[in-house]
Structure formats: C-alpha cells, structure tokens
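Working notes, beginning with the structure itself.
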Amino acid sequence: MKDFSMSDQSNPDLDEELVPDEIIPHQSLPPLKYKDMPPAISWRKMIGPSIMLAGLSLGSGEFVLWPYITYKTGFIFFWACLLGVITQFFMNMEIERWTLATGESAITGFCRLNKNWAWVMLLLNIIPWAWPGWATGAGTMLSWTFFGPETIASVQVEPAASPFSLEGLPENVTYSTETETLKWRGPMDESERDTLSSVFTRNQSLDHSRELFNNINQRKDLQYEAKYSSFLGIAGLLLVGIVLTTGPVVYNTVEKIQIFLVGMIFLIAVILGIYLIEPYAITSMIQGSVSIGKMPDESSGLTTMALLGALAFAGAGGTMNLGQSNFIKDKGYGMGKYIGRITSPITGQEEAVSEVGYHFKHTDENQKRWQQWWRAANIEHFFSFFLTCLACLVLLSLISYSLFYDANGQLKEGVAQFGSGLNFIWGQATLLEDRLGGSFKLLFLLMGAAILLTTELGVLDVTARISADILKVNYLRDNERWSLSKLYYTFLWSEILLGSAILMYGLINPLFKQPLFLIETSAAMNGGVMFLYSMILLYMNSKILSRSISTNPLRFVAMVWAAAFFGYFSIQAFQVQIIPYFQSILTG
C-alpha cells in the first residue's frame, strides 16, 4: 500500500494540491485535495436525503416503539421523545457538516483520527442491524391482513408435572418444561374443554380448562400470532434486494421509493388522525411533554432496553444517522459533488468513485458558498426530517392513545390483552374496525406493512452503503477488482441471507421471530453506538475543522448534551439489564 507520508505532499500534482496535515490530518488515509466549493443550490432542490432518513425512522420509533410506550404508560415519557428528536436534528447536522466540507462520509473522518475506527464502526454498523425486525414486522402485518391472526391462550401449570403428558389433546396444544406454560392455539369448544380438564386431572395439576375456555371465547389475555410472518418477512427481504439491485443508480432508486412511501404514510396518518384523535388525548400529550424527568413505573412492564431503544429511534437511530453523510455525498451536495455514486451491476453504468475527499481554500468566495450550503442544508433538514418525524410521532402516538385510553386516562375495558409483542398493533386495527369499519382496518394494516418494509429497505441500503464505504476507503483503496458498487451489493445480499437465516431459525426458537424483540434489541444497541459517535463528532467538528466552518458554541453544547443523553440511558441499560443477563448465563 502506498505510504501517504508528509513527504508525498512536497510533490503534488499540478492540478491537485494536497491539504496539509495542519489543516486536516490524514493519518493512514491519503490526504485531502483542494478544490473550490461548488456553487450552492436552493434548499428546495436539496430535498431528498432527509426524507430518506425520516423514512428510516417511521418503522421503528414512529409506528412501533413510541405508540407501544403510549399504550403501556400514556404520555408520561413523551418528553424524552421530543428531546430525542431535537437532539438528533443537531447530531445529524454535525454529520452533514463534515461531508459538506470534505465530500467524505463522517466515518471516513473518524478514520482520519485513528485507523482503528474503521473496523470498530464496521462491526457497530453490521451487528445491531443484523436483526430483521422490520421485515418480520411487515410480514406480520401482511399475515394478519390476508390470513388473520392465530390466537394463543396461555396458562401457568401448577404444580408443574414432570413430564406433563398431552396425551388425548390436539396438536395445537404445547407445553414448555422451561416456563411450565401450556399454550392452546386457535378456538376451543366445550368438548375440547372437557378433554383438557381430564388431562389436568391426570397430571395432578390444577384444572385451568375453564379459565382457558373463557379467555379464548371472550377474547381475553390472548396473544395474536402471525402464522406466516417468517416466510413473508423473507419474501420482503428478497423484494428489497431485487429493487435495490435493479435500479440504475441506487441512491435515486431509494430516494424515489422513500419520498413516495413517506408521503403516502403521512397522508394516511393525517386521515386516520382526523377521524380518531380525541381532544383529551391532545391535552394528555401536552401534559406529558412538559413533565420532564418523569419515568414509567415498573408496573408498566417497559424495560430499560425498550426505553433506550425508543430514545435512539425517536428519529432514525444508530449508524442510520451516519448514513446521512453517505446520502448527501451521493446526492452531490457541497464537496460531495466531486465523489461518484453507487450504481447497479445489472442496469447501471459504473461511475468513477474517488476514495479521497476534497476541501476548499478559505477564500471569500468559498466561504460565501459554504455559508449558503450550510444554511440551505439546515433548512432542508428541519422541514424534511425534523418536522416530518415530529408530525408522524405526534399523530401515531395520539391515535394510539385515543384508541386505548378513555377521557379519564384509564385503559378502556378489554384492551389490556394486547400488551405482548406487536399485539398492540393488532389491537389498534381491531378497535379501528369497531369504530370506522373494515376498510379502515385494512388501510391501517397495509400502512403498517408499508412503513416497516420502507424501513427495512432503508436499513439494508444504509448498512450496505456504510460498510462498503469503510472497506473500500480503508482496506481496498488500490484494489480495482472490488469497486464500491461491487462491495455494496456483496454486503446487501449478505445481509439479506443473514436476515433470512435468522428468520428461519425463528421457526425453531420463537423469540427470534418476534419483531418487537428484534427491534428493541437493535434499538438498544444503537443507543450505545450513538453515545460513542456523538463524542467523536464533537471532537472532529470542533477541533479538526477550521474555526470559520467548525461547530459554533450553541451546537457544541447540543452535542455535549447528545453524548450525555444517550450515554446516561446506555449506562442504565448495561447496569440494569445487559450485565445481569450475561451474569445469569454464566452462573447457569
């Protein structure tokens, strides 16, 4: 590999003057090259990257985690949601700052500080997003829509017989020796109740047959399983892969899909909101928004991991936020104009991609252009990301509260049964049908499938995009065989195969096909990732970039807050759940 030491800078090409280390250090990477800052464009013409980032947030925080928290605790924790969105706005703009100024991704900037950030960020980009929670969620919505839910009634067997004999019972009855739980899938008639009663008697256990019979027929305390969620989830992964592979320019393909879907989803949410949102829900949300510091109590059943995940996903979350720098680089904003794009190996023309970034000399004209780019980028991100995320969070949380709660702030009768997994979404759909009819229920479930599939598309695209960028820039710079596009599609299809394998394993271990478990796991991991890179961004943009384009005092404070905000909840998650979990494994 070529050694880019300071001696190389004494003989630069005539047309490519190198940026000295006193301006921006290069470490093991090639030094940046000088070019003029391109003329700025209107913020309206910049719309696209932030909509894509908003699309990533729809399927995690907006549609799943925050409506779920609202269902479990009302708006007690909503103040943290608002702080999360505001924090992510400032964090995202610091990610954009580096790329506008250099044309490089933010992670490449990290690697200019220390080469070891390459493999660290590669792992942090792959591991938390390996869980295909969004594809599973989309599969769940579609399975519910077209095949209906399969009900599951459960009961704890007391005293637990070992072994517990199921002889005489149909195949839809299972018993777990680990949890000492008996599960009955589907309907139960009186003759089956009597058979179950005799089985309890034969096993010398308390007779819960009447309890199960009543729960099933009165639809109380049931789980609603999507029978074909794994297969439909795998189909969704494959569909996303085909769409991303056949579009000539990947960024353009993703942008068009995300803008259409985000617009459609927002319109449906507004329509549902007009019909469903109650005035008392708005009042309760306002009260929760100003109750800063209040936390859900233990009786809510919400874990620290779930709360950390919700904070991370009050917006895009994790390395998805870092993907914003790759988006604007591919879009050609600022110095990103000089960097090529990822194209399809099937339908696209390979573009020359520079692995080296560019910087501008701080002339009056370049400084003027920088200010214009920076102002336009802030306006575009405020309207496209911040307001879009905030509006969707507010609308979908208000809809959830209006459906589940009465004017006194109490859960409505019969809705407590929807407290497991994504059951609360089925609960929303059921209550929606009762109020507005089956057409609105269908609309809601299809909207949910679109939201979650949109998120999975974005997740696969961004993780592949970031991973390919890290590998090409840091390890395969001089390898002509492995272009950025080839690396992108290798990572993309590897993710799809890994996700499919996890879903197939879910057929053996049911926990691995529970979308809420997968999404919470990913979200909590990404909260820790955001804590880490917020500190690196703070240093990079305040200490490395020149004062005239570096982080100003207000944004410096905002980034210190971001590190403290995500750091506190990450430490809490480790202390309360992660460390005890591994201790329990080690101690058996």
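In the working numbering, the protein residues as written are 9 to 596.
The beta carbon of each residue, even a glycine, is placed where N, CA and C say it ideally should be.
Bear in mind that the values here come from a model prediction, so they are computed numbers and not experimental data.
Residue i, enclosing beta strand (DSSP E) - first and last residue
| i | result |
| --- | --- |
| GLU158 | 158-164 |
| THR182 | 181-184 |
| THR189 | 189-193 |
Beta carbon of residue i nearer than 9 angstroms to that of residue j
| i | j | result |
| --- | --- | --- |
| LYS191 | GLN425 | no |
| SER333 | ALA114 | yes |
| GLN266 | THR462 | yes |
| LEU275 | LEU465 | no |
| GLY331 | LEU61 | yes |
| TRP74 | SER405 | yes |
| ALA243 | GLY456 | no |
| PRO57 | ARG377 | no |
| ILE273 | LEU64 | no |
| PHE118 | TYR541 | yes |
| ALA143 | GLY507 | yes |
| VAL93 | LEU401 | yes |
| LEU288 | THR78 | Note that residue 288 corresponds to Tyr in the displayed sequence, not to Leu. Their beta carbons are not under 9 angstroms apart, which means TYR288 does not touch THR78 by this criterion. |
| PHE368 | MET45 | yes |
| PRO136 | ASN534 | yes |
| THR291 | THR471 | no |
| TRP106 | ASN549 | yes |
| SER297 | PHE98 | no |
| LEU40 | LEU26 | yes |
| ILE134 | PHE393 | no |
Bounding residues of the alpha helix (DSSP H) (the contiguous stretch that carries residue i)
| i | result |
| --- | --- |
| GLU233 | Where GLU233 is concerned, there is no enclosing alpha helix (DSSP H), although the beta strand (DSSP E) it sits in stretches over 230-233. |
| GLU198 | 198-210 |
| MET54 | No alpha helix (DSSP H) holds MET54; DSSP gives it neither H nor E. |
| VAL470 | 446-482 |
| PHE390 | Per DSSP, PHE390 belongs to no alpha helix (DSSP H) and is neither H nor E. |
| VAL128 | 125-134 |
| LYS494 | 492-514 |
| VAL93 | 86-110 |
| THR153 | 141-155 |
| ASP338 | 327-339 |
| PRO75 | 74-81 |
| LEU220 | 217-226 |
| PRO287 | 287-297 |
| LEU121 | 114-121 |
Cα-Cα separation, residue i to residue j
| i | j | result |
| --- | --- | --- |
| PHE539 | VAL568 | 10 angstroms |
| MET343 | LYS494 | 24 angstroms |
| LYS572 | ALA566 | The question names Lys, but residue 572 in the sequence shown is Ala. If you take the alpha carbons of ALA572 and ALA566, they lie about 10 angstroms apart. |
| SER199 | THR187 | 27 angstroms |
| PRO304 | ALA88 | 11 angstroms |
| ILE510 | GLU373 | 53 angstroms |
| VAL270 | PHE499 | 26 angstroms |
| ALA360 | ILE103 | Its pLDDT being 48, under 50, ALA360 is placed unreliably in this model, and the coordinates cannot settle the point. |
| THR95 | ALA384 | 19 angstroms |
| MET14 | ASP29 | Because the pLDDT at MET14 is just 35, under 50, the model does not fix this residue reliably, and the point stays unresolved. |
| TYR341 | SER502 | 30 angstroms |
| SER307 | THR81 | 9 angstroms |
| HIS34 | HIS370 | 19 angstroms |
| TYR259 | LYS339 | 8 angstroms |
| LEU91 | ALA570 | 10 angstroms |
| GLY356 | LEU553 | Note on GLY356: pLDDT 48, under 50, position unreliable in the model; the coordinate value appears next. Cα-Cα distance, rounded: 36 angstroms. |
| SER151 | TYR236 | 6 angstroms |
| GLY156 | THR203 | 27 angstroms |
| ARG218 | GLU166 | 15 angstroms |
| GLU70 | HIS216 | 39 angstroms |
| ASP469 | SER162 | 39 angstroms |
| LEU545 | LYS123 | 15 angstroms |
| THR185 | ALA138 | 30 angstroms |
| GLU488 | LEU284 | 57 angstroms |
| VAL481 | LEU131 | 16 angstroms |
| ASN180 | ASN222 | 17 angstroms |
| THR189 | TYR183 | 6 angstroms |
| TRP382 | PHE391 | 15 angstroms |
| GLY249 | LEU310 | 34 angstroms |
| VAL537 | GLN418 | 36 angstroms |
Identified DSSP bridge partners for residue i
| i | result |
| --- | --- |
| TYR413 | LEU419 |
| LYS41 | LEU26 and TYR366 |
Closer than 9 angstroms to chain B by CB, residue i
| i | result |
| --- | --- |
| ILE55 | In the displayed structure, chain B is absent; only one protein chain is listed. |
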